[in-house]
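> The sequence shown begins at 10 in our numbering and counts up one residue at a time.
Here it is: the structure, laid out below.
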Amino acid sequence: MRNLRWGIISTAEIGMTKVIPALQRAEHCEVVAIASRDVDKAADAANRLGVPRSYGAYDELLADDAIDAVYIPLPNDMHAEWTIRAAEAGKHVLCEKPLALTAAQAEEMAAACAAAGVNLTEAFMYRHHPSWVEVIRLVRSGAIGDLQAVQSWFSFFNDDPTNIRNRIEHGGGAVLDIGCYCINLSRMLFGGEPTRIEASVRRDPDMGIDTLASVVLEFVGGGQSAFTCSTRAEPYQRVHIFGTSGRIEIEIPFNIPPDRTTQIFLTSGGDPPVAPATETLVFEPVDQYAIQASQFARSVLAGAAFPVPIGDAVANMKVIEAVLAT
Numbered sequence: 010m011r012n013l014r015w016g017i018i019s020t021a022e023i024g025m026t027k028v029i030p031a032l033q034r035a036e037h038c039e040v041v042a043i044a045s046r047d048v049d050k051a052a053d054a055a056n057r058l059g060v061p062r063s064y065g066a067y068d069e070l071l072a073d074d075a076i077d078a079v080y081i082p083l084p085n086d087m088h089a090e091w092t093i094r095a096a097e098a099g100k101h102v103l104c105e106k107p108l109a110l111t112a113a114q115a116e117e118m119a120a121a122c123a124a125a126g127v128n129l130t131e132a133f134m135y136r137h138h139p140s141w142v143e144v145i146r147l148v149r150s151g152a153i154g155d156l157q158a159v160q161s162w163f164s165f166f167n168d169d170p171t172n173i174r175n176r177i178e179h180g181g182g183a184v185l186d187i188g189c190y191c192i193n194l195s196r197m198l199f200g201g202e203p204t205r206i207e208a209s210v211r212r213d214p215d216m217g218i219d220t221l222a223s224v225v226l227e228f229v230g231g232g233q234s235a236f237t238c239s240t241r242a243e244p245y246q247r248v249h250i251f252g253t254s255g256r257i258e259i260e261i262p263f264n265i266p267p268d269r270t271t272q273i274f275l276t277s278g279g280d281p282p283v284a285p286a287t288e289t290l291v292f293e294p295v296d297q298y299a300i301q302a303s304q305f306a307r308s309v310l311a312g313a314a315f316p317v318p319i320g321d322a323v324a325n326m327k328v329i330e331a332v333l334a335t
């Protein structure tokens, strides 16, 4: 199977530091071009990362017939426009999360890609890490009994008014940036959509963005997922999953470094004063971005089904909208 030839739309930090290096390591992938609205910036990025071609306009990259797929790490408010333009140019699209600003935008993006016969995937890289693959297997197999509740936390501190994550016009805010992970994992674990949503959202009075949100999602059967996300708290991330006969704790659920091991803790049994038994499952270092890219490449080149259909991204946006509407 040949390599999928990638073009990168933007010199965003996540692309430069994480995704492009991962694409260059991934099976069946090669990065052949990068674009910026600043031609010198594009050339510098290409030189630093060993990318063969650079462009000073996104449209120029899309016109390159030697590119099969594009990765889009643009600001959130630009995802819809450039995904649709890429589809119209015949390019497959891996778009950073959140896929869009609204569910309607996400549906429009999905429709444009379907009409053009190209793949569209939302870049939730964490779902491809072996630790999460094992967590889903454990939950589905009944290793912790019937799933009852999920608790998750995701936070970092950023109060810079010039940072794009704090710019409301660009789709900034905690829920769109990191709360989307907690919503995504909740829907994945419960295997469906929430039937009830309650949220308390705090907004910065000057920036207008949400900086702290605590949310409860209720699912069919009464199971609940509660999470807090914040861009004004100490950096931290953790997920706890509770069943009728056991529980799982995920040490690093989202930003798992590619060069370190990670662990999940499976606890079950016990009845006071007898302590429960905890098994530590250790996962060797892997690059979840590279795994995601390889799976995307196979879905394009070999017609294999991508593990997450694009309808999942549309559904995630619907929950995000409901949370932010509170």
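Note that beta-carbon positions come from the ideal geometry of N, C-alpha and C, so glycine has one too.
(1) Does DSSP put H138 in a helix, in a strand, or in coil?
(2) Would you mind sorting M118 into buried or exposed? The rule is 16 or more other CB atoms within 10 Å of its CB.
(3) Mapping the DSSP letters down to three states, classify V210 as helix, strand or coil.
(4) Since D76 and L58 are thought to touch, with beta carbons under 8 Å apart, how far apart are those beta carbons, to the nearest angstrom?
(5) For V229, name the three-state secondary structure that DSSP assigns.
(6) Are the CB atoms of H138 and Q33 nearer to each other than 8 Å?
(7) Pick out whichever of N128, V295, A311, I329 has its Cα sitting closest to the Cα of A35.
(8) Given this structure, state the Cα-to-Cα distance separating H88 from P107, to the nearest angstrom.
(9) In angstroms with no decimal places, state the Cα-to-Cα distance between T220 and R212.
(10) Buried or exposed for G320, going by 16 or more other Cβ atoms inside 10 Å?
(11) Of all the options A235, E116, Q304, H179, which has the alpha carbon lying nearest to the alpha carbon of D86?
(12) Is the Cβ-Cβ distance between L156 and L198 less than 8 Å?
(13) Note down the Cα distance separating P282 from F263, rounded to an integer number of angstroms.
(14) Is F163 near I187, with beta carbons less than 8 Å apart?
(15) State the Cα-Cα distance for the pair F251 and I261, rounded to the nearest angstrom.
(16) Tell whether a beta-carbon distance below 8 Å holds between S195 and V159.
(17) For A78, tell me which candidate among Q246, Y135, N12 has the shortest Cα-Cα distance.
(18) Determine the DSSP secondary structure at E131, reduced to helix, strand or coil.
(19) Need the endpoints of the beta strand (DSSP E) that P30 sits in, please.
(20) Indicate the three-state DSSP secondary structure (helix, strand or coil) for V317 in the structure shown.
(21) Assuming H88 is part of the alpha helix (DSSP H), what are its boundary residues?
(22) As a quick exercise: from Q301, V309, S223, pick the residue whose alpha carbon is nearest that of V142.
This is what the structure gives:
(1) DSSP, reduced to helix, strand and coil, places H138 outside both helices and strands of the structure shown, so it counts as coil.
(2) Buried.
(3) The answer is strand: DSSP assigns V210 an E or B state.
(4) Correcting the residue identity first, residue 76 is Ile in this sequence and not Asp. The Cβ separation is near 16 Å, so there is no contact.
(5) Reduced to three states, the DSSP call for V229 is coil.
(6) No, Cβ-Cβ distance for H138 and Q33 is not below 8 Å.
(7) For the residues N128, V295, A311, I329, the minimum Cα distance to A35 belongs to V295.
(8) The straight-line gap from Cα to Cα measures roughly 9 Å.
(9) If I take the Cα positions, the gap works out to 6 Å.
(10) That one is exposed.
(11) The shortest C-alpha separation from D86 is found at H179.
(12) Result yes, Cβ atoms of L156 and L198 sit closer than 8 Å.
(13) For the pair P282 and F263, the Cα-to-Cα distance works out to about 35 Å.
(14) Remark: C-beta atoms of F163 and I187 approach each other more closely than 8 Å.
(15) Distance between the alpha carbons of F251 and I261 is about 17 Å.
(16) Contact: yes.
(17) When only C-alpha atoms are compared, the closest one is N12.
(18) Residue state, collapsed to three classes: strand.
(19) Per DSSP, P30 belongs to no beta strand (DSSP E); it is in the alpha helix (DSSP H), 29-34.
(20) Coil at V317, not helix or strand.
(21) DSSP places H88 inside the alpha helix (DSSP H), whose first and last residues are 88-97.
(22) The shortest Cα separation from V142 among Q301, V309, S223 belongs to Q301.
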